[in-house]
Amino acid sequence: MSDYKAFNVVLADKVAHVVINRPEKVNAMNADFWREIIDIFRWIDDTDEVRAVVISGAGKHFSSGIDLMMLASVGSQLGPDVGRNAEKLRRKILELQASFNAVDNCRKPVLAAIQGYCLGGAIDLISACDMRYSTVDAQFSIKEIDIGMAADVGTLQRLPRIIGDGMMRELAFTGRTIEGEEARSMGLVNRTYADADALLDGVMGIAREIASKSPVAIRGTKEMIRYMRDHRVDDGLEYIATWNAAMLQSADLRVAMTAHMSKQKPEFAD
-6 MSDYKAFNVV LADKVAHVVI NRPEKVNAMN ADFWREIIDI FRWIDDTDEV
44 RAVVISGAGK HFSSGIDLMM LASVGSQLGP DVGRNAEKLR RKILELQASF
94 NAVDNCRKPV LAAIQGYCLG GAIDLISACD MRYSTVDAQF SIKEIDIGMA
144 ADVGTLQRLP RIIGDGMMRE LAFTGRTIEG EEARSMGLVN RTYADADALL
194 DGVMGIAREI ASKSPVAIRG TKEMIRYMRD HRVDDGLEYI ATWNAAMLQS
244 ADLRVAMTAH MSKQKPEFAD
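Under the numbering used here, think of the first position of the sequence shown as -6, with each following residue one higher.
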């Protein structure tokens, strides 16, 4: 693993812990953040030892969203030509989207552990994760509406599939803040914890449990879930039939069945 400016990354027990590490700036997402997260998730995808991923934020808060200084620097590059400005802005937006697409497209399950602020761009990030967990006092807000823009890095595309269309619209149109228990009640987070320590302990425990399963089975399960977001049921059934025609020949199936019959814990190859 390389040294990162916006993150700290640790691999232990087959779980990669990716920590947004700018606590003095409320973990705001600066240029380093957007660039490095692509490199990190490329490494995660390429490293067979990594079986699951936990994303958290250093300090009191998960993230306050995009760094406003970065937005200002983008604005300072615009000139008098509307067409050229639009082209430049479109390319920048697609570049930022690619950062969270890297999270969404990751072959390994990604769990978000959220405490304190989770605002604006941070909602885009957690929407790209597989599961979300928070403290009871975590604060969530689709904040873009309050700075005069529509969220453009994935919230409006991914969140309706997590909390439903109507609730997403309410949060996006109002920008209101919700806390952990309301987030849990609408399905934004799976579970809440009393404090940050309990949160991280609980989420790391879930990640380690996932990491103990067959990597081949986990990969297939995530791929099928992602595929079904944009396809019909019959398409999905056809895809899993083709996928499992190969994957059911994996040694993992024999290892799992033998362990189950002998009441032993299975050990799978990376």
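Heads up, the beta-carbon is just placed ideally off N, CA and C, and yes, glycines get one too.
Here the structure is a predicted model, which means the values were calculated and not measured.
{"Asked": "Please report how far the alpha carbon of ARG151 lies from the alpha carbon of ALA262, in whole angstroms.", "Found": "33 Å"}
{"Asked": "Straight-line CA distance for ASP60 to MET22?", "Found": "5 Å"}
{"Asked": "Identify the continuous beta strand (DSSP E) that holds ILE13 and give its terminal residues.", "Found": "8 to 13"}
{"Asked": "For the candidate residues PHE93, MET197, GLU80, ALA234, whose alpha-carbon lies nearest to that of LEU118?", "Found": "PHE93"}
{"Asked": "Output the distance between the C-alpha atoms of LYS206 and PRO259, rounded to the nearest integer angstrom.", "Found": "8 Å"}
{"Asked": "Leaving out five residues before and five after VAL182 in sequence, what residues of the same chain have Cβ atoms less than 6 Å from its Cβ?", "Found": "ARG125, TYR126, SER127, ALA176"}
{"Asked": "Counting C-beta neighbours from all protein chains within 10 Å, is the total for ASP245 16 or more, i.e. buried, or is it exposed?", "Found": "buried"}
{"Asked": "Can you give me the Cβ contacts of MET221 inside the same chain, cut-off strictly under 7 Å, excluding the 5 residues immediately before and after it?", "Found": "GLY229"}
{"Asked": "Would you list the residues sitting across from ALA105 in a DSSP beta bridge?", "Found": "ILE48, ARG125"}
{"Asked": "Have a look at VAL196, ALA204, ASN237, ALA189 and flag the residue whose alpha-carbon is nearest the alpha-carbon of GLU216.", "Found": "ASN237"}
{"Asked": "Tell me which same chain residues have a C-beta within less than 6 Å of the C-beta of GLY52, skipping the five on either side of it?", "Found": "PRO16"}
{"Asked": "Which value, in whole angstroms, describes the spacing of the CA atoms of THR148 and LYS256?", "Found": "43 Å"}
{"Asked": "Which one of MET197, LYS18, MET240, ALA210 has the shortest CA to CA distance from ALA9?", "Found": "MET197"}
{"Asked": "Of the choices GLU137, SER134, VAL146, ASP130, whose alpha-carbon is the least far from that of ARG84?", "Found": "VAL146"}
{"Asked": "Can you find the residues in the same chain that come closer than 7 Å, C-beta to C-beta, to VAL67, ignoring five residues on each side of it along the sequence?", "Found": "LYS85"}
{"Asked": "GLY50 to VAL11, Cα distance in whole Å?", "Found": "8 Å"}
{"Asked": "Leaving out the 5 sequence neighbours to the left and right, which residues in its chain are closer than 7 Å to PHE34 when beta-carbon positions are compared?", "Found": "ALA95, VAL96, CYS99"}
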